[in-house]
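Residue numbers (the numbering used here): 1002 to 1217.
Note that the Cβ used here is the ideal one computed from N, Cα and C, for glycine as well.
Remember, predicted model here, so these are calculated numbers, not experimental data.
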């Protein structure tokens, strides 16, 4: 099977079986999604959604977050991973958003990465989810699933994976494909115990075929 054929079959499968795929983070504005994605680093979306309820009651706007004491921010997010760093990032992000961007979340990936706590993955999420740009955010799920399925070849880091996926996935499908891969990794192609027996993609999956040959 060629890589082109593999991509075609996998995309067709997701189109049929998961026509709707979107972020599981709860948000009502670009500002809220920015906060949620910063909090989600090495933390589950479920936990972030619990934290964000009280967080946005205290800081419903970027202006209020910019004026907040870091200790107050920390208290609200202390149940997530790395709360000290994230409290500093959230405070710095809000202040820079006001000073440099007039409080408006930018839609440019390079501009987004200037904000504290916003790396390439976070910037791609914002650009893709909020602004529907053909940006592919590569988290651990996307990196793992892309490698196992055979969508990437010897990719050593998220940027290599991102470039290869963007090269082969039709531009209009990239925002959707990002969620296809995340959700597949979260619920089916899990890191320690992938549910290969119930996976509809095993026929096209390099990981499954390789392991199946070994067993046989």
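Run of the alpha helix (DSSP H) containing residue 1177, from where it starts to where it stops: 1175–1188 is the span of the alpha helix (DSSP H), which, as asked, contains residue 1177.
- prompt: Is there contact between the segment 1150–1165 and the segment 1058–1073, where contact requires at least three CB pairs shorter than 8 Å?
  reply: With a cut-off of 8 Å on Cβ pairs, the segment 1150–1165 is not in contact with the segment 1058–1073, counting fewer than three such pairs.
message: To test your reading of the DSSP string, which unbroken alpha helix (DSSP H) runs of 4 or more residues are found completely within the segment 1043–1128?
response: 1046–1059, 1063–1068, 1071–1078, 1084–1102 and 1110–1113
query: Roughly how many angstroms separate the alpha carbons of residue 1088 and residue 1078, rounded to a whole number?
result: 8 Å
- prompt: Buried or exposed: which applies to residue 1047, given that a residue is buried once 16 or more other Cβ atoms fall within 10 Å of its Cβ?
  reply: The residue in question, residue 1047, is exposed, as its Cβ has fewer than 16 Cβ neighbours within 10 Å.
task: To the nearest angstrom, report how far apart residue 1031 and residue 1132 are at their CA atoms.
output: Counting only the Cα atoms, residue 1132 lies some 9 Å from residue 1031.
query: Pairing CB atoms from the segment 1175–1191 with CB atoms from the segment 1009–1026, are three or more of them under 8 Å?
result: yes
- request: Report yes or no: do three or more beta-carbon pairs, one from the segment 1041–1058 and one from the segment 1196–1209, lie closer than 8 Å?
  value: no
field: residue 1191 to residue 1142 span [Cα, whole Å]
entry: Each residue's CA atom was taken as its position, placing residue 1191 and residue 1142 some 8 Å apart.
- request: Specify the secondary structure class of residue 1016 as computed by DSSP and reduced to three states.
  value: Residue 1016 falls in the helix class under three-state DSSP.
query: Quick one, which of 1126, 1193 and 1166 has its alpha-carbon nearest residue 1012's?
result: 1166
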